[in-house]
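These notes concern the structure reproduced below.
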Ligand code: PEP
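Numbering (the working numbering), first residue to last: 11 to 259.
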């Protein structure tokens, strides 16, 4: 019903030469994957990566997009620019953007709208910090982030959007949420989507990934959980063999 989707988030890693080497190794390793496979790469690598994945089952993604169509936003990249390079998915609201670059629930929503208006598929990241978890406000944070991200987004768009639940304390730390905990927390997000849209839409159309130190060792346990529809993979997406093992959990 909900096709699993595994996406790599390369972050600020890999030159063009490294991109070519990694993708050349990865393409045959994931050619028979049942999950949808996406690589989200730095802007400078999109053109080269796009050439390499053409005609394969790997889809191209970016790591951010600006909310304006064009204009005086030095250093930013628009949805049209990504579409022109064959980008299909775009990560929006990653916790590193929220933490280091002033991303807010409102800018996330603006970027989601801009992406959708040009046919890009957003991967919207939500997740609590360690402080918020210890403060017992996980549900409050996730309901707020989800509700704000989907403000004024039409029900028809739900199948073009992926949500990534990424507990901030699990990103790049080697600490993974237990499969049960990730599942139960994702259920909160799905329940929020059911309230915002409808029960059936949340059940059938909304794909929710887990992200946070997911790797070849823990992927199958996480992916076996009924609420988890995929993974957003940082560190383990930088090695072809590791990423392929996650993709084929
Ligand atoms: C991420 O950056 O989205 C992520 C989940 O990173 P890692 O897999 O390295 O924890």
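Just so it is clear, CB atoms sit at the ideal spot from N, CA and C, and this is done for glycine as well.
#### Entry: Cα-Cα separation between residue 199 and residue 152, rounded to whole angstroms
Going by C-alpha positions, residue 199 is about 7 Å away from residue 152.
| Do you know offhand how far residue 101's Cα is from residue 251's? | If you draw a straight line from the Cα of residue 101 to the Cα of residue 251, it comes to about 23 Å.
Item to complete: Write down the C-beta distance between residue 147 and residue 173 rounded to the nearest angstrom, noting that I regard them as a contact closer than 8 Å.
Response: Contact between residue 147 and residue 173 fails: their C-beta atoms lie close to 19 Å from each other, not under 8 Å.
Cβ-heavy atom distance between residue 176 and the ligand PEP below 7 Å?
Result yes, Cβ under 7 Å from the ligand PEP.
Can you tell me whether residue 201 is helix, strand or coil according to DSSP?
The three-state reading of DSSP puts residue 201 in helix, counting H, G and I together.
Problem set entry | Test item: CB-CB of residue 23 and residue 248 under 8 Å | Contact flag set, yes.
Practice item. Just tell me which of 29, 93, 86 has its CA closest to the CA of residue 63. Key: It is 29.
What residue range does the beta strand (DSSP E) around residue 131 cover? Here the beta strand (DSSP E) through residue 131 covers 131 to 136.
With a 10 Å radius around its C-beta and 16 neighbouring C-beta atoms as the bar for buried, classify residue 27 as buried or exposed. Around the C-beta of residue 27, fewer than 16 other C-beta atoms lie within 10 Å, and the residue is accordingly described as exposed.
7 Å CB neighbourhood of residue 83 in its chain, flanking five on each side removed: Beyond the five residues adjoining it in sequence on each side, residue 83 comes within less than 7 Å, by CB distance, of 76 in the same chain, given in chain order.
Review point. Name the DSSP beta bridge partners of residue 69, please?
Key: According to DSSP, which records beta bridges pairwise, residue 69 is partnered with 48.
Cutoff 6 Å; reference residue 12; Cβ partners in own chain excluding five residues on either side
So the qualifying residues of the chain are 217, 239.
Is the separation between the beta-carbon of residue 187 and that of residue 222 shorter than 8 Å? If you check the CB distance, residue 187 and residue 222 come in under 8 Å.
Every unbroken alpha helix (DSSP H) inside the segment 192 to 241 [4 residues or more]
Runs of the alpha helix (DSSP H) inside the segment 192 to 241: 209 to 214, 229 to 233.
Report task. Indicate the three-state DSSP secondary structure (helix, strand or coil) for residue 110 in the structure shown. Result -> Of the three classes helix, strand and coil, the one that applies to residue 110 here is helix, per DSSP.
- Best match in 244, 245, 229 for proximity to residue 45 [C-alpha to C-alpha]: If you compare the alpha carbons of 244, 245, 229 with that of residue 45, the shortest gap goes to 229.
Around the Cβ of residue 244, are there at least 16 other Cβ atoms within 10 angstroms (buried) or fewer (exposed)? Its Cβ being crowded by 16 or more others within 10 Å, residue 244 is buried.
Worksheet item: Relative to the ligand PEP, is the shortest distance from any of its heavy atoms to the C-beta of residue 32 smaller than 7 Å?
Response: Checking the Cβ of residue 32 against the ligand PEP gives no.
Item to check | CB contact flag (residue 158, residue 116, <8 Å) | outcome: Yes, the Cβ-Cβ distance between residue 158 and residue 116 is below 8 Å.
### Message
Threshold first: 4 residues or longer. Then list the alpha helix (DSSP H) segments lying entirely within the segment 13 to 50, N to C.
### Response
Correct list: 26 to 40.
Exercise. Between residue 228 and the ligand PEP, is the CB less than 7 Å from at least one heavy atom?
Worked result: Checking the Cβ of residue 228 against the ligand PEP gives no.
* Asked: What three-state label does DSSP hand residue 97 in the structure shown?
  -> Secondary structure of residue 97 (DSSP, three-state): coil.
Per-residue burial, residue 114 [other beta carbons within 10 Å of its own, 16 or more giving buried]
With fewer than 16 other Cβ atoms within 10 Å, it is exposed.
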